[in-house]
Structures are given as structure tokens and as C-alpha cells.
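A short write-up of the structure that comes next.
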Amino acid sequence: MTVLEAKHIEKHFGSVRVLEDISFSLEEGQVLAIIGSSGSGKTTLLRCLNFLETPDKGTITVKDELLFDAADPATQRESEIRRKRLHFGLVFQDFNLFPQYTALQNVTLARELMAKTEKTGESLEDIRAEGIELLTMMGLKDRMSNYPHQLSGGQKQRVAIARALAMKPSILCFDEPTSALDPELTGEVLKVIRSLADQDRTMIIVTHEMEFARDVADKVMFMDGGVVVEEGPPSEVFGNPKHPRTRQFLDKFSG
Ligand SMILES: Nc1ncnc2c1ncn2[C@@H]1O[C@H](COP(=O)(O)OP(=O)(O)O)[C@@H](O)[C@H]1O
Ligand SMILES: [Mg+2]
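Counting in this note's numbering, the sequence shown runs from 1399 upward without gaps.
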């Protein structure tokens, strides 16, 4: 089943076009890695998918529901954005945890709020139990009551991943999840993301970890200057890049 289909996404900031005619799709359980130099539009693309930015052109469809069509204001109602955004879980480079809440509270907060405001019928006990389960899965069973300042960067990022999973997103999106981490902490976060891939989570991962991308992704998309220069299976994009710009970019990483 196709989980996500983005078509002809275009985005300007002022007169600068930062995304140009971006189209791709993602099947259930697939992992898409997005690579590219700084400023190539990777974050903006993720923000468009998450309704944190409004594309100037294009459509976004999730599981056969047209979530967004730049040409159709009816798909852009503020009142529905929150529900639509729930299809996407976003994990940021700098974690964005709430400092005043424990690890467990960070994971459960949004679900608790939703249970209250939307009367989902979920009990706080159930939400809490699930939060504990997710943190345990992240290897943080003994860290539930810690506040973010008591956690390492790798632990904070694993809390952030548990928090995203708690909302049961259709697609989990990572924006350079390890670029704020030391090499040894990077490993523990990549391991968790890899295990999510092994569980057939549908994911989009923006990363500079080329070996990891090659290993974990089903598809790789190389972006440069707001366009998709090359897209394909990792063996092609990494092993036999067709475009000179892709080769040039990858050469920087092979040292
Ligand atoms: N809110 C914004 N206002 C103006 N320009 C922006 C904004 N966000 C990003 N940009 C510009 O858009 C381009 C793409 O940025 P970004 O999506 O962050 O790239 P990447 O994540 O690949 O580094 C850059 O030139 C950046 O300066
Ligand atoms: Mg970025």
C-alpha cells in the first residue's frame, strides 16, 4: 500500500525558490533517506510534509486521503491541520524535549492532552503504560523519571523518538537525528532507528550518515538546490551515481 505520495511540491521564501517540483512516494514499511548539502531544502521539505510550512504548489496524499492541495483551499482548513499533522511524527536534530517534564511525561503529554480535549476515551493509565513500553523499547526503562538535563544527548534523542511513536504516526520523519551527537552517542540512536526499520516502520530520514543510509534505506533521494537530482535504491545512488552532482557530493564523504 502507498502510504505517502507527494507530487510537484514547490516552496518559495520571498522570491527565492527553495523547493522545485519535488515528487516521491513511499510504500508501507519503506525507508526513504534524503541526503544533500546544507541549504538544499531537506528540512523545508519535511516541514512542508508536516504542515509547518505551506507549499506554494503541489499535493500531499497519505493513505489515499488528499491531505493538502495547494490549489484547493478546502484542503487547508486550520481546523483540520492538527488531525492531518498526526500522520507524521517528527524527530528534530536538537530533540526539542520539554525541560520541565520527565522523560515519561515528555512521551505521554500529547496523548494525554488529546485524550482530554478530543475525548478519545483513552485512560491515563493506558497512555502511561504505553509510554513506559516505548521508553523500554528505546532502552530507557531506568530513565523514565529523569528530566532532560539529566540525560545524555543520545538518551534525549531516544526519548524524542519514543514521543513521536506515542502518537502512532503513519510516517516517522527524522531531520538529521544524530548531527548534534558525539560519534559514540550517534551509534545508539542509529541502532534504535535501524530496529524501527526492521519492524517495518515507514520512515523518512534526512541524514549525513551515508553508511547508515545505504544500509537502512529502501530508497535514497539526493537533493541539491531545491531539486531532486537523483533518486533510487541505495545500491544505485551510492554504488553507481548517475549525476555528476551526486558523485561530487558523495566524494566528500568517502574522504
Ligand atoms: N523560514 C525561512 N525563511 C527564509 N528562507 C529560509 C527559511 N527556511 C529555510 N530557508 C532557506 O531555504 C533553503 C533551504 O533550507 P533548508 O530546508 O533548511 O535546507 P537543508 O535542511 O537542506 O539544510 C536555504 O537557502 C535556507 O536559507
Ligand atoms: Mg536541515
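Just so it is clear, CB atoms sit at the ideal spot from N, CA and C, and this is done for glycine as well.
All of these numbers come straight from a predicted model, not from anything done at the bench.
{"query": "Inter-residue Cα distance where the pair is Y1545 and G1529", "result": "15 Å"}
{"query": "For P1453, the nearest candidate out of F1572, R1415 and S1436 (CA to CA)", "result": "R1415"}
{"query": "Backbone secondary structure at H1547 - three-state DSSP", "result": "helix"}
{"query": "Start-to-end residues for the beta strand (DSSP E) that takes in F1486", "result": "F1486 to V1489"}
{"query": "Nearest residue (CA-CA) to F1449, options L1594, R1541, E1478 and R1592", "result": "E1478"}
{"query": "S1413 (DSSP reduced to helix, strand or coil)", "result": "coil"}
{"query": "Stretch pair the region 1546-1566 + the region 1501-1515: three plus CB contacts closer than 8 Å", "result": "yes"}
{"query": "Three-way DSSP call (helix, strand, coil) for M1608 in this model", "result": "helix"}
{"query": "Contact between the region 1563-1581 and the region 1480-1500 (3+ Cβ pairs under 8 Å)", "result": "yes"}
{"query": "Contact set for E1634: own chain, Cβ-Cβ below 6 Å, skip 5 residues either direction", "result": "none"}
{"query": "Own chain residues within Cβ distance below 6 Å of V1604, not counting five before or after", "result": "I1432, K1440, D1573 and E1574"}
{"query": "Segments assigned alpha helix (DSSP H), at least 4 residues, entirely inside the region 1608-1645", "result": "1608-1614 and 1632-1637"}
{"query": "Contacts around M1608, its chain only, beta-carbon distance under 6 Å, and the 5 residues preceding and following it disregarded", "result": "F1651"}
{"query": "Check whether K1455 and E1408 have beta carbons under 7 Å apart", "result": "yes"}
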